[in-house]
Structures are given as C-alpha cells and as structure tokens.
Amino acid sequence: MTQIVGDKMQKLDLCEDCAKTKGVNDPSGFALADIMLGLGAAQEVEQAVGTDLKCPRCGFSQADFKKSGRLGCPECYKTFAEGLGGLLKTMHKGTRHTGKAPEALRVSRENSDRLKTLQKKLNKAIESENFEEAAQLRDELKKINERPATPTNLTR
Amino acid sequence: MKDLHEFLVSPAETARRHGPHDRIVMSSRVRLARNLKDAAFPGWAKKPERVKILETIRPAVESLPEMKDAFSEAMDNLGALDKQILVERHLISREHAAKSSGSGLVLNREETFCVMINEEDHLRMQALRPGLQLKQAWNAIDHLDSELEKKLDYAFDGDLGYLTACPTNLGTGIRVSAMLHLPGLVLGEQINPIIQSVNKLGLAVRGLYGEGTEALGNVFQVSNQMTLGENEPAIVERLEKVLSQIIEHEENARQTLLEKKTKVVFNHIGRAYGILANAHSISSKETMNLLSLMRLGVDMGLFPGAERSLVDELFLVTQPAHLQKKLSDKLSAEERDLIRADMVRERLKNVSRPVVKPPASSAN
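For the record, the sequence lines run as chains A and B.
Read in order, the letters of the first sequence are residues 4 to 159 in my numbering.
Read in order, the letters of the second sequence are residues 616 to 979 in my numbering.
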C-alpha cells in the first residue's frame, strides 16, 4: 500500500494478515474482488457452485468456476443459469440486457414482433368478420414470410 | 512481419496528441468484450482451439477498412520487451502481454483502435482517444463492432446479451474508462473520499496500468463496473457526468492549494524539479511521481516556456521497456536508473527552475 501523509509518500508492503494485525485498514483501497463483485458476492459464488454440475458443451464444472471466477464457454450460462442468477443481481444494475444486439438478431426480433402484431390483427379481423381487412393482413403476412429470415449481409 | 518499433509513433508524437480537458484527462477508452458462439473461452480452451479461434478472428479484423496498414501479430511472435512497450503505451493489458501462442493483436495505423484476440475473451476491442472523448470512442468502437459482427458469429443471448468469460462483463461487454491526472486531489488529501464516492456510484478507480495496480504518478483510471441492465449510451453518459465532477474537484483543489497552501505546493514542485534536473540515479517509480508534480507545475504556470508535452514524453520514455529499447545492451534495474537520470537531466537542461509566483493568467 502507498500512503500519502502530508508531503511524504510512504510505501509499505504488507500481506493481508500483517495488515490486519498492524491495524492497517484503508477502506478506500482498491479491494478489487470486493469492488468487482460487490460485498457479499463471495457468498453468492458459494451458492452458485453448490452442486456438482458440469457443462455438457465444454466440460467446465462448478468447482472450476469457483476457482477462476470465469466460465468455460458461452453455453455455460445456460448450464449454470440457476446459480448465476443471484450472482448477476449483486454484480449488475439489472439481470436483463438492454443494450446493443447484433443487427441480424435485431432485425429478426423486429420481424417476429411485427408478425405477432399482424397475426393478432388478422385474428381480430376474422373474428369480427371484417374479411376485406383480413385479406389485406394475410397478404402482408405472406409478404414478410416470403422474405429471407436472415438479412443478406449475413451470408458469408 | 512489421517491426513494432517502427510502427509505433514516437513518444514525442504521442505526447503531443491533444484532446478536450487533457490537462486532467490524459486519455479516454472504450472497450467491448465479444466471444464466438460454439467455442470455449480463451481461459478454458485448449491450445489448438485457441489457435483456431485466432485464425478465424484475425483475418476478419484485418479486413476492416479501419485496419488498413495495421500492425497485426500473434503474441508468440512478440518479444517480452515489445509486449512491455505496448503495456507502457496502454495499448494492451498486462494480462494480454503475458499471453503467447493462440493470442494476437491488431493495432491500426493511427493507434486509435487496438484489438486483443484471446485475452480473457475471444475479442477485446478498444477505441482510444486523447483527452475526454468518451462518446467519440464509443461511437468509433460501436461502428467497428457492427462491421465485425457481419463476419463473425458472436455468442449472444436475448436476455443476457453478449456472453463473456467473466460474468462481470456480461451484457454489453463494455468498459468505458478515462485516465486522470489528479495531483491536486492527492496533495489536498481529498482523493480518498472522492474514490469512495465514485465507488458508491458503481464505478471503479484503479491505478496506472488497470486492475490491481497502484496510482503511480497520481494517475488514476475511472471506469464502469456494471455491464448488464443498462445500455451503452447510458453507461457512457453516467461516466461522463462523474468525470466532469472529478475534473471540477481537481481544478478546485489546485486553486485551493495555490491560494492556501502555496508554500507546500511550491515546495513539492521545486523539490521535484530539483531532483529530476540533478539526480544521477533514479527509479522509474520516483521519476513518475516527480514528473507528476512537474506536470502540475507546468499546469500552474510555474515553468514558463516548458510544454506539458515534454513532461508527458518523459513520463513514457523513462519507463523500463521504453528505456531499455533505446539501448543495445540488456541492462539491470540499477544500470537503467543511471541512464534514466542522465536522460532526464539532459532533457530538463533548458527548463529553468520553477518561478516563485505564477503569472496572473496561469489558471488555464
């Protein structure tokens, strides 16, 4: 640790135990694990790795996660979903992603949203026997369904 | 293979890069973490898989228009000295410098984009800008990422966002950070409460070289911690707000020091100059801490005629790898201390000792 007292800079190399016995406690020091995980996160990690689960995709186990704090592969998020939920809550502002998404996914998501609304409208139109509107909606749906699901820029 | 040393711009040139608020904000950076679908993360993947991932990602990155004439290399082709130089330039992380086969690096001609391949994640792409330019850096890296996603299959989940090796980066995979020079707050003993309140806002404060490093030369990195549940522009904006407050506090601290603790400040700066201009052996750490005080002196107008860029250049060239690179023989730390002192003395030859009263219009 480095202390700046008045005009003097003091450098001390202490292990955690010595720091405790010497009563050195800098609450603003960069206690990285704590800052990164939020206080109490250690417990969450414990809970997250309670059982003996292994990722079917990459063979990563909960014990591995406990050791490294990192996961083995993207699929691990599904494998360990249950235990991760609480951990993510302590770590982040929320547990649902609200930011950027890959264009291809965004487009298909928007498309599926549109399909859903059109389908709903169509059902309503049929229910109320508004066949003219229903025919129009059916054509529109057909048009969307005929378009390739993935945008052209995804071909490689 | 391009020679890294020929590729990088000279330290003198990097020190002359200017940006908004660069008196206090030395640089801005936005990095995004991305991974490929159906591949183990670098820390878990075996070497052949890592090599395969590198061979998939590297050509995709190289093919981007921004990466025309880029420096692109596998980490095992870089020597320890070159890697350390890249760390001292803040182009790669210390973690990445420790990697060898299966990891790579693509750095563009202007040194505004640097992509680390197989660091903790398959992709760590960063946009770098001098001064306070977080929005510009975000826009730049957002664009690069959008181009790259057309060529690579990212691991992305509708609910969790971009999937990362460490759950702390999950979601946006974004880390927005700025490097700040805060000698006023340190000398005014206000830095700890500031760090505490910044932490309370969910932001991290780290030392010069990022995670787990100390604040050498009164340089601090401030960055977001949370990456999930908030979108990128909101994260950028929040950091920007906090930074503008830190800047204000630093400016106020400097003003207060000048008005109320004139002797203390002048004593610090005068002694820093005295040692730097006269020492015959000096460590890189002491050099950085004293150069920080000299930089403060330049900002306060105590060194008329001296440019901040001279101090910033010295800050870089006196660091171990940069110093070693200039010499043909491999030196010990003690030998480097002698050469470093010679170099600093020589460069400060034409800088007069600090004036006792700052000129009236010194504040900016």
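Idealized CB from N, CA, C, for every residue including glycine.
Think of a sphere of 8 Å around the beta carbon of methionine 841(B): the chain A residues whose beta carbon falls inside it are Met94, His95 and Lys96, in chain order.
Residue state for valine 791(B) is assigned as strand, using DSSP reduced to three classes. For cysteine 729(B) against glutamine 741(B), the beta-carbon gap comes to about 5 Å, under 8 Å, which counts as contact. Three or more pairs of CB atoms, one per stretch, sit closer than 8 Å, so the stretch 777-784 of chain B contacts the stretch 78-92 of chain A. Leucine 942(B) is classed as exposed because its beta carbon has fewer than 16 other beta carbons within 10 Å across all chains shown.
Interface residue (Cβ-Cβ distance to chain B less than 8 Å): threonine 82(A) is not classified as such. Contacts with chain B (Cβ-Cβ distance below 7 Å) from the stretch 99-117 of chain A involve Arg99, His100, Thr101, Gly102, Lys103, Ala104, Pro105, Glu106 and Leu108, listed in chain order. At a cut-off of 8 Å between C-beta atoms, asparagine 733(B) does not count as an interface residue with respect to chain A. For the 8 Å CB-CB criterion, valine 813(B) and valine 791(B) do not form a contact.
Sorting Asn148(A), Asn126(A) and Glu149(A) by C-alpha distance to the C-alpha of alanine 138(A) places Asn126(A) at the top. Using a Cβ-Cβ distance cut-off of 8 Å, the stretch 686-705 of chain B and the stretch 930-939 of chain B are in contact, since at least three pairs of beta carbons, one from each stretch, lie closer than that value. In terms of beta-carbon proximity, lysine 652(B) lines the interface with chain A, with at least one pair separated by less than 8 Å.
A Cβ-Cβ contact shorter than 8 Å links serine 761(B) with glutamate 106(A).
Taking a beta-carbon distance threshold of 8 Å, glycine 88(A) does not count as an interface residue toward chain B.
In this model, arginine 73(A) and glutamine 860(B) are separated by some 34 Å (Cα to Cα).
Nothing from the stretch 115-143 of chain A brings a Cβ to less than 7 Å from some Cβ of chain B. Scanning chain A for C-beta atoms nearer than 8 Å to the C-beta of glutamate 764(B) yields Pro105, Glu106 and Ala107, reported in chain order. Asparagine 723(B) sits buried, since 16 or more C-beta atoms from the chains shown fall within 10 Å of its C-beta. Neighbourhood of proline 59(A) in chain B, by CB distance below 7 Å: empty, with the nearest CB roughly 13 Å away.
Excluding five sequence positions before and after isoleucine 890(B), the CB atoms of its chain that fall closer than 8 Å to its own CB belong to Ile897, Glu901 and Leu905, given in chain order.
Taking 3 residues as the shortest admissible run, the stretch 671-730 of chain B contains the following complete beta strand (DSSP E) segments, listed from N- to C-terminal end: 686-689 and 719-722. By DSSP's assignment, arginine 649(B) forms a beta bridge with Leu738(B). For phenylalanine 63(A), the three-state secondary structure derived from DSSP is coil. Rounded to whole angstroms, the separation of the alpha carbons of serine 924(B) and methionine 94(A) is 40 Å.
Per DSSP, alanine 819(B) is not a residue of any alpha helix (DSSP H); the beta strand (DSSP E) it occupies stretches across 818-821. Going by C-alpha positions, glycine 97(A) is about 6 Å away from leucine 843(B). DSSP places histidine 796(B) within a strand segment (E or B) once states are collapsed to three. Just so you know, the alpha carbons of methionine 841(B) and aspartate 774(B) end up roughly 16 Å apart.
Counting of Cβ neighbours within 10 angstroms places glutamate 628(B) among the exposed residues, the total staying below 16. If the five residues before and after aspartate 772(B) are omitted, its C-beta is found closer than 8 Å to the C-beta atoms of Leu778, all from its own chain and listed in chain order. Against serine 71(A), the close residues of chain B are Gly658, in the order they occur along the chain (beta-carbon pairs closer than 7 Å). Within chain A, the residues whose beta carbon sits less than 7 Å from that of asparagine 846(B) are Thr101 and Gly102, listed in sequence order. Any Cβ of chain B closer than 8 Å to the Cβ of leucine 56(A) would place that residue at the interface, and such an atom is absent. Not flagged as an interface residue toward chain A: leucine 858(B), since no C-beta distance is shorter than 8 Å. Residues of chain A whose Cβ lies closer than 8 Å to the Cβ of threonine 787(B) are, in chain order, His100, Gly102 and Lys103.
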